[in-house]
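In my numbering, the protein residues as written are 8 to 164. Every residue, glycine too, gets a C-beta built ideally from N, C-alpha and C.
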């Protein structure tokens with residue numbers, strides 16, 4: 008999976024940011040049903056929980072993880088980013104979510120900047136884990152290497 012290979016680091020940040028927005032839009036369009044389900048169901052559950060005064064957001068968290076996997080895997084397949092099909096499944100998605108999420112939260116709690124750096128540098132980890140077949144830590148490493156020259160455009164996007 009080479010989602011950043013086509014971005015020339017010599018291009019202006021604004022051009023690379025626009026390219027990232029265009030690719031994001033394309034992936035949402037090819038997986039529109041899955042994106043709609045993700046947004047509609049998680050937002051709907053959040054509203055219901057707020058209106059009922061429930062203190063449990065576990066249902067929203069579970070739905071978010073399950074529907075996030077549905078959307079990411081559909082975007083990778085339908086968007087042509089997994090030409091050989093998905094090489095890994097939900098376990099890898101969950102592992103990346105858990106490890107990257109905990110590290111990012113820790114970075115945000117300790118100091119805002121490390122958390123932001125981790126969010127940007129691990130932004131393509133799901134693609135590497137699901138489409139390329141990388142294990143969790145390999146996917147995080149591949150994402151770190153792929154996003155290096157494009158930190159500012161990804162942050163702006």
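Asked	Found
Any contact of the region 91-103 with the region 140-159, i.e. 3+ C-beta pairs under 8 Å?	yes
Classify residue 76 as buried or exposed, calling it buried when 16 or more other Cβ atoms lie within 10 Å of its own Cβ.	buried
Note down, in chain order, each residue of its chain lying with its Cβ closer than 8 Å to the Cβ of residue 140, except the 5 sequence neighbours on either side.	94 and 95
When we look at the beta-carbon of residue 41 and count the other beta-carbons within 10 Å, is it buried (16 or more) or exposed?	buried
If you compare alpha carbons, which of 58, 137, 152 and 83 is closest to residue 127?	152
Going by beta-carbon coordinates alone, are residue 24 and residue 156 separated by less than 7 Å?	no
So what's residue 152 in DSSP terms, helix, strand or just coil?	helix
In the DSSP assignment, find the unbroken alpha helix (DSSP H) run with residue 15 in it and report its ends.	Where residue 15 is concerned, there is no enclosing alpha helix (DSSP H), given that its DSSP letter is neither H nor E.
Going by other Cβ atoms of all chains shown within 10 Å of its Cβ, with 16 needed for buried, is residue 19 buried or exposed?	exposed
Do residue 27 and residue 164 have their C-beta atoms closer together than 7 Å?	yes
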